[in-house]
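Protein chains in written order, with the working numbering: chain E, 1 to 127; chain D, 1001 to 1601.
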C-alpha cells in the first residue's frame, strides 16, 4: 500500500470537464495539477512530478501529441504513465501517441467518475 | 390538313433534332465520333492521293514501256535505212552497179537473220523511154535473161526494179513500182525531199505475202549537180534503193523482243489510209486484250519517214505495276478506316475511364464530406454529453455527498438518458468510420467472461420487464483477450438487446460462453420470432429491420447488427446465425484468443 498519495496531472482544454476531473480525483485523495493545453502542461511539469498524466489530444496552442514530443516521455520520464483521454479517436493521432510512449487510451465518454477512478487505480497497481 | 396538332408536329421537329444534337454533344460519343469522321476524311484524302500516285506511276511505267518499243521500232527502221542509204551510195559512186555487186552488198548484212520481215532490198533505176534498150541489154548481158518491165506498156519514163535481194523474196526485178499509187507517191516524196520516205501499208506485188507491206525508199541523184531545190532534185533523180518490210513479221519481232508472255498488245494504223487498208499491224491476241480489264491502253502517234502512224499500245497492268503495289490505294483505304475505328474506340475508352474516374472521385468526395460532417457533428456532440455524464455521475456516485432516494432515482433517469445519447453518438460515428474504414480499437487485456457477466447484469432490468427468463452458462475461470472492451461490449449488448426485444413476453434467453482450443464462443439464443433463411443477409445491412408484424412497436435504429458484425470482424472473429422462424434464433460470436498483435490496431 502506497503511503504517499499519487500525483496526477490533468491536461484538458474543456473547462467543465477539467473541473469535474479535479473534483473526482481530489476527493479520491490524489495530488492534482491541471493544465488547459500542452504549453501550460510543460510549464507546470517543471515543478510537478506526476505519476500519471491524463492527457487530452485535441487542445489549442499545443495538442497532446506535441506535448508528448516535447516532454520526451520515453527518454526522460519512463516511469510516468500517460493515459490518453480523448473524445477524438483518430487512428493516426493515437498511433503517434503510443509511439511516443503513451500507456493507454480511453474514450472519455466511456468513463463515469467511478470508472475513471478504477482506471487510475489499475494503472497505479501496474506500476 | 393544317390543324393545331400537325402544326405542333412541324414546330417540334427542329426542337427534337436540336435536343438530340445537344444530347449527342454532351455524350461520350461526341469526341470519338468527331475524331472518327475527321480521320475518315484524312483516310479519304490519303486514298485519293494513293490512287493518284498509282495512276502516275502507272502512267510513267506505261510511257517507259512505250518509249522502249518506239526506240526499238526506230532502231530497226534505221538499220534498214542504213542499208539502203549505203546501197544508194554504192550506186552513186559508180555509174552502174551489177547484179553481183548488189548481191554482194546486201549479203554483208545477213538480212534474213538480223532483219526479219524483210521483203527485199532492191535497186530501182529511173530512166526515160530512150534508155530502155540500153537497160534491157545491160540486164541481159548480166545474165538476167528473163528481164522485162512490168507493166510493159510504152511510156515516157520507167521506174523499174533492177535487182532485189535476197533472191528468195521473189523475183521483183522488172517491176515498175510507179504503177502502184502508194509506192509512187512515196517515191515522189522521197525524190522531192531528198529524204528517206516510207509508204503507207501496201500490198505485196504478186501477193508474195498477205501481210501489209511497208516500203522505205531512199532517192539516188546524179551527184554532179546541186540538189538545193525541188526542181533540181527532180532533174537529178536517177533511181531509188528500197527496203520492203512485211509489217506483221517486222512488228512481231519487235514485240517478241520487248515483252514476255502476252503482256503487250499493239495495233498500228496508218493515218494516211482509211478503212481496212489503214491497218499496218495488229498483234496476235489484240482483240482479246482490248476487252480485258487488266490491260491499260494508250494511243500514240509516230512520225516515221514522212508517214504518221497511230500506235495503240496495250500493256498488262501487272507488267506496269506489281500487283502488290496496285493494292496500295485499297489497302490505304482499309488501313485508314480501321485506324479511324481503332483510334475512335481508344478515345472513347479513355473518355469512359476518365469519366468513371471523375464520377468515382466525385463519389469519393461526397462520401468523404458526408463522413467528415458526421464525424465532426458527433465529436462535437460528445463533449457536452460527456460533461453531463461526469457531473451526473459525480452526484450519483457519491462525490457530492449523500443524496436522497428520490434524488437518486431522478438523477439516475437523467444519467441513463445521457448514456443512451452517448451510445447513439457512438453508433453514428462508427458508421461514419466503417464507411471510411477508420475504426480505432483501443485494445487492452480484458476478461471476456467478466464482460459478459457485467452485460447480463446490466440487462437484468429489461429482461425482467419483458418477463423473460435468463439462463447463463459461463466458464468459472477468466478468459483474457487483448481486445477493445467497449467495442465488444457494444456488439454483445446488441445481441442481447435483440434477443430481449424480438422475443414475445415470457420467453427464454440463454447466454453461453465456451472456451475451445484457441477461441472463445459466445452464444446468445432465444425462442423468439426467428428469422427466415432468406433474410439472413438482410439482417446485417445498414438501416434494415426485418418486417415483423409482431414486433412493429419495438424501437431500434437498425444499425446494431451492422455494427456488431463489423466490430467482431475487426477482432478477427465471426458472427454466425442459426434460426428457425417461430422457433427462435441463436447468434454466435467466435473470437480467436490470440489476437496476434500486441500493438494497438
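Even for Gly, the Cβ is constructed at its ideal location relative to N, Cα and C.
Check: Nearest candidate by alpha-carbon position, reference residue 1441 of chain D, set E:98, E:5, E:16 and E:65; Outcome: E:98
Check: Residue 79 of chain E in three-state terms, based on DSSP; Outcome: coil
Check: Residue 1025 of chain D, buried or exposed, once every other Cβ within 10 Å from all chains shown has been counted against 16; Outcome: exposed
Check: Among D:1282, D:1147 and D:1144, the one whose alpha carbon lies nearest that of residue 1201 of chain D; Outcome: D:1282
Check: Contact list for residue 87 of chain E against chain D, beta-carbon separation under 8 Å; Outcome: 1379, 1382, 1383 and 1386
Check: Residue environment, residue 1248 of chain D, which counts as buried when at least 16 other CB atoms sit within 10 Å; Outcome: buried
Check: Same chain only: Cβ atoms within 7 Å of residue 1426 of chain D, ignoring 5 sequence neighbours per side; Outcome: none
Check: Residue burial classification, residue 1017 of chain D (beta-carbon count within 10 angstroms, cutoff 16); Outcome: exposed
Check: Neighbour flag for residue 118 of chain E against chain D, beta carbons, 8 Å; Outcome: no
Check: Residues of the region 12-33 of chain E with Cβ closer than 8 Å to any Cβ of chain D, in chain order; Outcome: 14, 16, 17, 20, 21, 23, 24 and 27
Check: Minimum Cβ-Cβ distance from residue 114 of chain E to chain D less than 8 Å; Outcome: yes
Check: Sufficient close CB pairs (3 or more, under 8 Å) joining the region 1569-1589 of chain D to the region 1519-1532 of chain D; Outcome: yes
Check: DSSP state of residue 1209 of chain D mapped onto helix, strand, coil; Outcome: coil
Check: Coarse secondary structure for residue 1302 of chain D, derived from DSSP in three states; Outcome: strand
Check: Cutoff 8 Å: residue 1391 of chain D Cβ touching any chain E Cβ; Outcome: yes
Check: Cα-Cα separation, residue 1554 of chain D to residue 1500 of chain D; Outcome: Caution is warranted here: a pLDDT of 46 is assigned to residue 1554 of chain D, below 50, making its placement in the model unreliable, and the coordinate value is therefore given only provisionally. When rounded, the distance between both Cα atoms is 10 Å.
Check: Residue burial classification, residue 1536 of chain D (beta-carbon count within 10 angstroms, cutoff 16); Outcome: exposed
Check: C-beta contact flag for residue 1216 of chain D and residue 1117 of chain D at 8 Å; Outcome: no
Check: Residue-level contact to chain E via CB, residue 1426 of chain D, 8 Å cutoff; Outcome: yes
Check: Within chain E, partners of residue 1399 of chain D - CB distance below 8 Å; Outcome: 23, 24, 27 and 113
Check: Interface flag, residue 69 of chain E vs chain D, CB-CB below 8 Å; Outcome: no
Check: Sub-8 Å separation of residue 1297 of chain D and residue 1312 of chain D beta-carbons; Outcome: yes
Check: Residue 1342 of chain D beta carbon less than 8 Å from that of residue 1031 of chain D; Outcome: no
Check: Residue environment, residue 1 of chain E, which counts as buried when at least 16 other CB atoms sit within 10 Å; Outcome: At residue 1 of chain E, the pLDDT of 49 sits below 50, so the modelled position is not reliable; the number obtained from the coordinates is stated separately. Flag for residue 1 of chain E reads exposed.
Check: Close-in-space but distant-in-sequence residues of the same chain around residue 1414 of chain D (CB under 6 Å, 5 per side omitted); Outcome: 1392
Check: Straight-line Cα distance separating residue 1252 of chain D from residue 1064 of chain D; Outcome: 19 Å
Check: Under 8 Å between C-beta atoms of residue 1328 of chain D and residue 1050 of chain D; Outcome: yes
Check: Alpha-carbon to alpha-carbon, residue 24 of chain E and residue 117 of chain E; Outcome: 8 Å
Check: Touching by the beta-carbon criterion (3+ pairs, under 8 Å), the region 1452-1463 of chain D and the region 104-117 of chain E; Outcome: no
Check: Limits of the alpha helix (DSSP H) - the one that residue 1072 of chain D falls within; Outcome: 1030-1093
Check: First through last residue of the alpha helix (DSSP H) which encompasses residue 1473 of chain D; Outcome: Segment 1469-1473 is the beta strand (DSSP E) holding residue 1473 of chain D; no alpha helix (DSSP H) there.
Check: Beta-carbon spacing of residue 1084 of chain D, residue 1190 of chain D below 8 Å; Outcome: no
Check: Contact the region 1176-1193 of chain D vs the region 1214-1232 of chain D: 3+ CB pairs below 8 Å; Outcome: yes
Check: Segment limits, beta strand (DSSP E) that includes residue 1145 of chain D; Outcome: Here residue 1145 of chain D belongs to no beta strand (DSSP E), and DSSP marks it neither H nor E.
Check: N-terminal and C-terminal residue of the beta strand (DSSP E) that residue 1562 of chain D is part of; Outcome: It is not in any beta strand (DSSP E) - residue 1562 of chain D instead sits in the alpha helix (DSSP H) that spans 1560-1570.
Check: Candidates D:1087, D:1014, D:1317 and D:1088: closest to residue 1054 of chain D by CA position; Outcome: D:1317
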